[in-house]
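Numbering (the UniProt record's numbering), first residue to last: 1 to 242. The structure under discussion appears below in the form of structure tokens.
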């Protein structure tokens, strides 16, 4: 299995890396680091997703795994960059690797984000993990997740993205904004919006109180509480269970 992962990593290098650096990267500690992390990520994917099936198929055909693999390569390059290589060139290569992973998968993982061991990105299309985001070990994210800054433009430098603990699960299209801290073993359900710290073990789910009344064969209509007009588009709010 490591031969397949190595082949994928080398293909990324050959497309993104200057020829003079390919051999140095391919045979160095950076490749060994990326290979080790990638193998652990693949094993976790196969173990935790019953639809994954054969690990060879996941490695070759699962685009969300490709996104994580490109991140591992870019991050290993930044962490173990040869001191003889210009830092700007190193940053450019990491950005190219990240961009290739995005083109292949639809998921954008910034090379400066810090992600722990055995990370699984499942159905990752549309997922964005920002520059200063940090994820602990054994985290599991679904597609459309955003780990982003609280502001839109002109954000202050420094930490501005979420910090997730170990064993955090984030459902599809959930969004976590700002320099918030999400504790260990937190579960964030689909479509939740989180912009505050969450204690370890918290469970966040979107719940609605919309009541629908209709006559048989007639279109549905919303019924508001007594004395209130129904909102045209009721916005569900997330709840936190501890």
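Quick reminder that beta carbons are idealized off the backbone N, C-alpha and C, glycines included.
Please work out which residues of its chain come closer than 6 angstroms, Cβ to Cβ, to residue i, disregarding the five sequence neighbours upstream and downstream, and give them in chain order.
| i | result |
| --- | --- |
| residue 178 | 150 and 195 |
| residue 44 | 118 and 120 |
| residue 146 | 128 and 175 |
| residue 201 | 185 |
| residue 30 | 76, 77 and 80 |
| residue 37 | 72 |
| residue 192 | 174, 204, 206 and 238 |
Closer than 7 angstroms by C-beta to residue i: which residues in its own chain qualify, once you throw out the five before and the five after it? Chain order, please.
| i | result |
| --- | --- |
| residue 75 | 111 |
| residue 143 | 123, 124, 125, 126, 127 and 172 |
| residue 70 | 12, 97, 98, 100 and 101 |
| residue 181 | 163 and 197 |
| residue 26 | 10 and 13 |
Assuming the contact rule is C-beta atoms closer than 8 angstroms, residue i and residue j should be a hit. Round their C-beta distance to whole Å, please.
| i | j | result |
| --- | --- | --- |
| residue 140 | residue 169 | 5 angstroms |
| residue 205 | residue 189 | 4 angstroms |
| residue 136 | residue 155 | Their Cβ separation, rounded to whole angstroms, is 24 angstroms, which puts residue 136 and residue 155 out of contact at 8 angstroms. |
| residue 16 | residue 103 | Contact flag wrong, Cβ pair sits at about 11 angstroms. |
| residue 42 | residue 59 | 6 angstroms |
Looking only at its chain, what residues have a beta carbon closer than 8 angstroms to the beta carbon of residue i, apart from the 5 residues adjacent to it on each side?
| i | result |
| --- | --- |
| residue 35 | 2, 5, 6 and 9 |
For residue i, report the span of its beta strand (DSSP E) as first-last.
| i | result |
| --- | --- |
| residue 147 | 146-148 |
Between which two residues does the alpha helix (DSSP H) holding residue i run?
| i | result |
| --- | --- |
| residue 40 | 29-48 |
| residue 55 | 55-61 |
| residue 16 | 2-16 |
| residue 23 | 19-26 |
> Mind pulling the alpha helix (DSSP H) runs of 4 or more residues that sit fully within the region 97-125?
Replying inline: With a minimum length of 4 residues, no continuous alpha helix (DSSP H) run stays inside the region 97-125.
>> Below 8 angstroms, how does it come out for the region 83-97 and the region 125-134: are there three or more Cβ pairs, yes or no?
In response: Contact fails: fewer than three Cβ-Cβ distances are below 8 angstroms.
> At what residue ranges does the region 155-212 contain a whole run of the beta strand (DSSP E), taking only runs of 3 or more?
Replying inline: 175-177 and 203-207
> Does the count of Cβ pairs from the region 58-70 and the region 97-107 closer than 8 angstroms reach three?
Replying inline: yes
> What alpha helix (DSSP H) runs, 4 residues minimum, are completely inside the region 67-91?
Replying inline: none
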